[in-house]
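Written below as structure tokens is the structure these notes are about.
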Ligand SMILES: *Cc1c(COP(=O)(O)O)cnc(C)c1O
């Protein structure tokens with residue numbers, strides 16, 4: 022089974038000794054069908070993107086219809102209805118201070134765009150603001166700027182010398198609020214900070230680390246008082262994940278820049294947007310062409326992606342989906358309450374449609390053996406769970422049925438049982 026010479030180089034995978042990847046033939050709703058006739062419940066929405074489940078006919082129709090009309094067109098100097106309509110509809114539901122939108126094609130590029138916009142926007146201010154701030158242990162993507170503002174880990178190790186220096190602010194989890202505020206206060210005193218980037222309310226890759234909306238609002242306000250731009254990386258939290266359409270909707274002070282991708286197209290097409298306030302946009306307006314924002318991608322504003330995003334929004338804003346988001350959130354809370362007594366559960370938390378269980382295990386961190394044990398166990402039980410180190414979590418598509426959710430919870434529980442047996 023060992024494939025030393027696989028022509029496909031898989032993401033985040035040590036290819037030496039890597040088991041053959043599981044072939045998927047098709048997907049329907051929350052279920053993936055393997056080539057060898059098994060079924061898997063996709064409890065993690067295929068890396069958090071697939072909010073409406075797989076093989077959704079409404080999304081498929083929208084994409085195929087658009088493909089017959091216009092699959093792509095250069096986006097400098099040209100536009101098209103899907104991009105225009107998507108922009109209008111996103112601005113209708115985004116926090117009210119967001120007024121302009123820049124297209125790219127994945128979460129990392131949405132973040133690169135945000136960082137570059139913030140740096141350039143602040144470069145015109147005197148005295149110069151050049152430094153970036155970020156929450157500790159954050160994850161903002163795998164390109165160099167995104168890695169720079171992310172936590173340093175085994176993932177970034179070969180590149181650490183190439184990453185720019187960023188001021189890290191402690192995550193204001195319960196008990197650490199004061200430390201976070203004090204550190205931020207000190208960092209702001211230097212007056213050289215251009216922008217502050219964070220995953221609002223919940224840090225995904227760090228292990229679904231949840232913190233309070235009030236404290237983040239307070240931190241945003243402090244940044245605003247020092248003319249520091251704030252960037253909410255909503256690549257994971259966008260489109261209903263935290264119980265509201267955007268995590269920023271739970272804030273009393275709004276970020277200047279928002280990054281969106283993952284759920285944007287319902288997991289059907291790669292697409293991303295970076296949205297900004299009128300103030301940020303206007304700082305690029307000038308009689309000098311050199312003041313423009315010189316950034317773009319071949320697939321900026323791809324019409325297929327935009328058509329998929331429009332269809333995904335139709336599905337998301339349907340009353341039934343909104344109800345499902347509430348329903349899943351409530352069920353997560355009930356299960357979290359029940360499972361928190363489990364001997365192997367170190368900490369259980371949920372926010373909206375995301376539920377995470379930190380497992381009491383000897384080693385932690387992404388590469389731990391624990392992760393492998395959990396992954397294999399869940400797969401053999403017909404559920405796709407891909408833990409972050411010793412953090413077992415689910416972030417299911419909104420179309421998940423009660424029976425499927427029960428199955429996910431059962432497998433999570435039997436995973437925890439495994440660790441009692443082991444000790
Ligand atoms: C996944 C993720 C990214 C990176 O998105 P990609 O599409 O994988 O490049 C950035 N920020 C957050 C918060 C994410 O969860």
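In the working numbering, the protein residues as written are 22 to 444. Cβ atoms here follow ideal geometry from the backbone N, Cα and C, with glycine treated the same way.
In this chain, residue 134 is not harboured by any beta strand (DSSP E); it is covered by the alpha helix (DSSP H) spanning 128-143. In the three-state scheme derived from DSSP, where H, G and I count as helix and E and B as strand, residue 354 is classed as helix. Just so you know, the alpha carbons of residue 282 and residue 178 end up roughly 26 Å apart. By the 16-neighbour rule on beta-carbons within 10 angstroms, residue 104 is buried. In the DSSP assignment, residue 415 forms a beta bridge with 376. Shown here, residue 76 sits in coil according to DSSP, grouped into three states, outside any helix or strand. Comparing alpha-carbon positions, the option among 143, 167, 160 lying closest to residue 212 turns out to be 143.
Distance between residue 61 and residue 197, taken at the CA atoms: about 39 Å.
For residue 166, the enclosing alpha helix (DSSP H) covers residues 165-170. For residue 54, the enclosing beta strand (DSSP E) starts and ends at 52-55. The three-state secondary structure of residue 343, taken from DSSP, is helix. Rounded to the nearest whole angstrom, the C-alpha separation of residue 310 and residue 90 is 34 Å.
Judged by their CB atoms, residue 294 and residue 123 are nearer to each other than the 9 Å cut-off. With respect to the C-alpha of residue 359, the residue from 176, 97, 49, 431 having the closest C-alpha is 431.
Note on geometry: alpha-carbon atoms of residue 216 and residue 313 lie some 19 Å from one another. As computed with DSSP, residue 187 is found in a beta bridge with 153. The bridge partners DSSP lists for residue 47 are 54. Residue state for residue 119 is assigned as coil, using DSSP reduced to three classes.
In the three-state reduction of the DSSP assignment, residue 382 falls in the coil class, being assigned neither a helical nor a strand state. Residues of the same chain with a CB within less than 7 Å of the CB of residue 316, apart from the 5 flanking positions on each side, are 134, 137 in chain order. Closest by C-alpha distance to residue 244, out of 271, 265, 266, 207, is 207.
When rounded, the separation of the alpha-carbon atoms in residue 411 and residue 392 is 6 Å. Assignment of residue 250 by DSSP, reduced to helix, strand and coil, places it in the strand class. For residue 294, the Cβ stays outside the 8 Å cut-off from all heavy atoms of ligand 1. Per the coordinates, the alpha-carbon of residue 223 lies some 4 Å from the alpha-carbon of residue 231. Judged by DSSP secondary structure, residue 280 falls within the beta strand (DSSP E) whose first and last residues are 278-281.
Distances from the CB of residue 163 to the heavy atoms of ligand 1 include at least one below 8 Å. Assignment of residue 213 by DSSP, reduced to helix, strand and coil, places it in the coil class. The beta carbon of residue 36 lies closer than 7 Å to those of 27, 30 in the same chain, with the five residues before and after it left out. Residue state for residue 95 is assigned as coil, using DSSP reduced to three classes. In the structure shown, residue 235 adopts helical secondary structure according to DSSP, grouped into three states. Contact between the stretch 48-65 and the stretch 283-290 is not established, with fewer than three Cβ pairs separated by less than 8 Å.
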